[in-house]
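S.K.:
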Amino acid sequence: MPPPPSPPVEVTRRAVLTGVSVVAGSVAAGCTIGRDPDGTAAPKPAATSKRAAQLDPDVGLAVAALAGEQAALDAIEAVLARHRKLRRALSPIKAAHRAHVSLLAQAAPEDYPAPTTPSLPSTSPDPFGVPPRREAALNRLSALELALSTSAKRHSFAAESGAFARLLASMAAAAAQHSVVLVPAASSSGSPEAAPQ
Amino acid sequence: MTPLEALQTTLAGEHAALYVYGVIGGRVSVSAEPALSKRIATAYTTHRGRRDQLTSMIRVVDADPVVAGVSYELPNPVTTQPQLERGALQLEQRCTAVYADMVASTSGANRQWAINALTDSAVRQISFAGSPVPFPGVAEL
């Protein structure tokens, strides 16, 4: 069980980014997350930090969360490559994952080995075996978003930094919203029978 | 914010949510808008359950749960059906922010509770004609 988190500072963009930058900064400094609630320690370049990263569980969470968000982005790109008519429907969802990726990338050191998910080139026509039917493709994305939400919840639960936990929980909520909006889009754009996966 | 303060703040939010849902639910026409009426009733029941859970979570640590206010400010005009639905959406958006703050200030089972409430509230926004946002409950992003 994580120790009681440090009190969050006033809720501002800076505070949220502190959640990330404390993670990133602690990578370089080798210090413990969450001991610096006012965020005065500026994040330093994280390149030196494999050893420190091992000391800091939140960095591992950031790396795992980043991999999940990137995988979702890749899956959306793959679906769009096959189903161009979904561009309008998927555009806000894609933008959300982009925002998540760019924020998490600040906390994940570049030299930290990515865990499970292979990065897929977005130009690859069909890396996921995108279903040829649009509604089936949306159903698959919906399931992926639900899984992403579940893992983000776990990451949030485990985070030592309260500000970082808040950020991860918000990303979990965003993925849950996506999984819901993708389903009616699927049922309204095609045949009534749901595509079995 | 201490973990206890976070619990009390969230409980105060639930008191407000119940008041506002009570008013909105009383104004939604069951015959003209049965679906919206049902969603409001479900939301009310959910928040009432959360209020009771928070009350007991606070009692567990030997503190006195904050009591409800006499009345609360309603979201902007809530008279027509679209306004009522919009009011419910705004209410859930506020709740989402409160839950997100509770995530930051708690750990263990209480944080898990806040994470689940945050996700549920964000999804409920969709049922009130809301759109997905990149960072639910985190207004500054």
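Protein chains in written order, with our numbering: chain A, 822 to 1018; chain B, 831 to 971. Each residue gets a CB set at the ideal place from its N, CA and C atoms; glycine is no exception.
Is it true that the CB of Ala990 of chain A sits closer than 8 Å to the CB of Leu948 of chain B?
M.R.: Counting from one through the second sequence, the residue named residue 948 of chain B turns up at place 118. Counting from one through the first sequence, the residue named residue 990 of chain A turns up at place 169. Against a cut-off of 8 Å, the Cβ pair of Ala990 of chain A and Leu948 of chain B comes out as a contact.
S.K.: What does Gly983 of chain A touch in chain B if you count any residue whose Cβ is under 7 Å from its own?
M.R.: To locate residue 983 of chain A, count along the first sequence from 1; it is residue 162. Near Gly983 of chain A (Cβ distances below 7 Å), the residues of chain B are Ala934, Ser935.
S.K.: CB Val850 of chain B to CB Leu919 of chain B, shorter than 8 Å?
M.R.: Taking the first residue of the second sequence as position 1, residue 850 of chain B is located at position 20. Taking the first residue of the second sequence as position 1, residue 919 of chain B is located at position 89. Not a contact, by the Cβ cut-off of 8 Å.
S.K.: Does any CB atom of chain B fall closer than 8 Å to the CB of Pro913 of chain A?
M.R.: Along the first sequence, one-based indexing puts residue 913 of chain A at 92. Chain B, which has a Cβ nearer than 8 Å to the Cβ of Pro913 of chain A, makes this yes.
S.K.: When the Cα atoms are used, what is the spatial distance from Ser886 of chain B to Phe978 of chain A?
M.R.: Here residue 886 of chain B refers to the residue found at position 56 of the second sequence. Here residue 978 of chain A refers to the residue found at position 157 of the first sequence. So the alpha carbons of these two residues sit roughly 21 Å apart.
S.K.: Taking just the CA atoms, how far does Thr909 of chain B sit from Thr921 of chain A?
M.R.: Along the first sequence, one-based indexing puts residue 921 of chain A at 100. Along the second sequence, one-based indexing puts residue 909 of chain B at 79. In the sequence as displayed, the identity of residue 921 of chain A is His instead of Thr. Cα to Cα, His921 of chain A sits roughly 37 Å from Thr909 of chain B.
S.K.: For Ala916 of chain A, does the count of other Cβ atoms within 10 angstroms reach 16, so buried, or fall short, so exposed?
M.R.: Translated into positions along the first sequence, residue 916 of chain A becomes position 95. With fewer than 16 Cβ atoms within 10 Å of its Cβ, Ala916 of chain A is classed as exposed.
S.K.: For chain B, find out if any of its Cβ atoms is closer than 8 Å to the Cβ of Val1001 of chain A; answer yes or no.
M.R.: Reading the first sequence from its first residue, position 180 is the one you call residue 1001 of chain A. It does: the Cβ of Val1001 of chain A has a partner Cβ on chain B nearer than 8 Å.
S.K.: Check Arg954 of chain B in the structure and name its three-state DSSP category.
M.R.: Translated into the one-based positions of the second sequence, residue 954 of chain B becomes position 124. In the structure shown, Arg954 of chain B sits in a helix (DSSP, three-state: H, G or I).
S.K.: Mind checking Pro964 of chain B: buried by the 16 CB within 10 Å criterion, or exposed?
M.R.: Counted from its first residue, the second sequence places residue 964 of chain B at position 134. That one is buried.
S.K.: Along the segment 879-890 of chain A, where does the CB come closer than 8 Å to a CB of chain B? Name the residues.
M.R.: Cβ contacts with chain B: none found.
S.K.: With three or more C-beta pairs closer than 8 Å as the rule, is the segment 895-915 of chain B touching the segment 925-939 of chain B?
M.R.: Touching, no, given that fewer than three Cβ pairs across the two stretches are closer than 8 Å.
S.K.: Is any beta-carbon of chain B found at less than 8 Å from that of Lys974 of chain A?
M.R.: Stepping through the first sequence from its first residue, residue 974 of chain A is reached at position 153. Closer than 8 Å: yes.
S.K.: Can you grab the Cα-Cα spacing for the pair Ala896 of chain A / Thr875 of chain B, in whole Å?
M.R.: Along the first sequence, one-based indexing puts residue 896 of chain A at 75. Along the second sequence, one-based indexing puts residue 875 of chain B at 45. Spanning the two alpha carbons is a distance of roughly 37 Å.
S.K.: Along the chain, which unbroken stretches of the alpha helix (DSSP H) at least 4 residues long are found entirely within the segment 921-968 of chain B?
M.R.: 938-957, all fully within the segment 921-968 of chain B.
S.K.: Compare the beta carbon distance of Asp887 of chain A and His976 of chain A with 8 Å and say whether it is the shorter of the two.
M.R.: Along the first sequence, read from residue 1 onward, the residue named residue 887 of chain A stands at position 66. Along the first sequence, read from residue 1 onward, the residue named residue 976 of chain A stands at position 155. One point to set straight first is that residue 887 of chain A is Leu, not Asp, in the sequence displayed. Not closer than 8 Å, so no.
S.K.: So which residues of chain B does Ser963 of chain A contact, with C-beta pairs closer than 9 Å?
M.R.: By one-based count along the first sequence, residue 963 of chain A stands at place 142. Correct list: empty, because the minimum Cβ distance to chain B is about 12 Å.
S.K.: Can you tell me the Cβ-Cβ gap for Leu965 of chain A and Ala893 of chain A, rounded? I've got them flagged as a contact below 8 Å.
M.R.: Here residue 965 of chain A is taken as the residue at index 144 of the first sequence, counted from 1. Here residue 893 of chain A is taken as the residue at index 72 of the first sequence, counted from 1. About 6 Å separates the two Cβ atoms, so the contact holds.
S.K.: Against chain A, does Arg941 of chain B count as a neighbour if the rule is that its beta carbon must be under 8 Å from one of theirs?
M.R.: Indexing the second sequence from 1 puts residue 941 of chain B at position 111. It does: the Cβ of Arg941 of chain B has a partner Cβ on chain A nearer than 8 Å.
S.K.: Following the continuous alpha helix (DSSP H) through Met887 of chain B, name the residue where it begins and the one where it ends.
M.R.: Here the question's residue 887 of chain B lines up with position 57 in the second sequence. It spans 864-890 - the alpha helix (DSSP H) in which Met887 of chain B sits, taken as one unbroken run.
S.K.: With a threshold of 7 Å on Cβ separation, who are the neighbours of Arg908 of chain A within its own chain once the five nearest residues in sequence on each side are excluded?
M.R.: If you number the first sequence from 1, residue 908 of chain A lands on position 87. Hits under 7 Å: Leu901.
S.K.: Are the Cβ atoms of Leu837 of chain B and Ile888 of chain B separated by less than 8 Å?
M.R.: By 1-based counting over the second sequence, the position of residue 837 of chain B is 7. By 1-based counting over the second sequence, the position of residue 888 of chain B is 58. Yes. Within cutoff.
S.K.: Just the C-alpha distance for Ala934 of chain B and Ser1000 of chain A, rounded to the nearest angstrom, thanks.
M.R.: Translated into the one-based positions of the second sequence, residue 934 of chain B becomes position 104. Translated into the one-based positions of the first sequence, residue 1000 of chain A becomes position 179. Whole-angstrom Cα-Cα distance: 24 Å.
S.K.: Grab me the residues of Ala939 of chain B's own chain with a C-beta within less than 8 Å of its C-beta, minus the 5 sequence neighbours each way, in chain order.
M.R.: As a working mapping, residue 939 of chain B is identified with position 109 in the second sequence. Same-chain partners within the cutoff: there are none.
S.K.: If I'm right that Ala986 of chain A touches Arg941 of chain B with Cβ under 8 Å, what's the distance once you round it to whole angstroms?
M.R.: On the first sequence, residue 986 of chain A is found 165 positions in, with the first residue counted as 1. On the second sequence, residue 941 of chain B is found 111 positions in, with the first residue counted as 1. The pair is a contact, with the Cβ atoms about 7 Å apart (cut-off 8 Å).
S.K.: Quick one: is Gly967 of chain B near chain A, going by C-beta distance under 8 Å?
M.R.: The residue labelled residue 967 of chain B in the question sits at position 137 within the second sequence. Interface residue, yes.
S.K.: What residues from chain B crowd round Ser977 of chain A, counting only those whose CB sits closer than 8 Å?
M.R.: Counted from its first residue, the first sequence places residue 977 of chain A at position 156. Correct list: Val933, Arg941, Ile945.
S.K.: Residues of chain B with a CB under 7 Å from the CB of Leu901 of chain A: which are they?
M.R.: Reading the first sequence from its first residue, position 80 is the one you call residue 901 of chain A. Correct list: empty, because the minimum Cβ distance to chain B is about 17 Å.
S.K.: State the Cα-Cα distance for the pair Leu925 of chain A and Ser859 of chain B, rounded to the nearest angstrom.
M.R.: In the first sequence, the residue the question calls residue 925 of chain A occupies position 104. In the second sequence, the residue the question calls residue 859 of chain B occupies position 29. If I take the Cα positions, the gap works out to 45 Å.
S.K.: Closer than 7 Å by C-beta to Ala842 of chain B: which residues in its own chain qualify, once you throw out the five before and the five after it? Chain order, please.
M.R.: As a first step, residue 842 of chain B must be located in the second sequence, where it is residue number 12. Excluding sequence neighbours, Ala842 of chain B sits near Val896.
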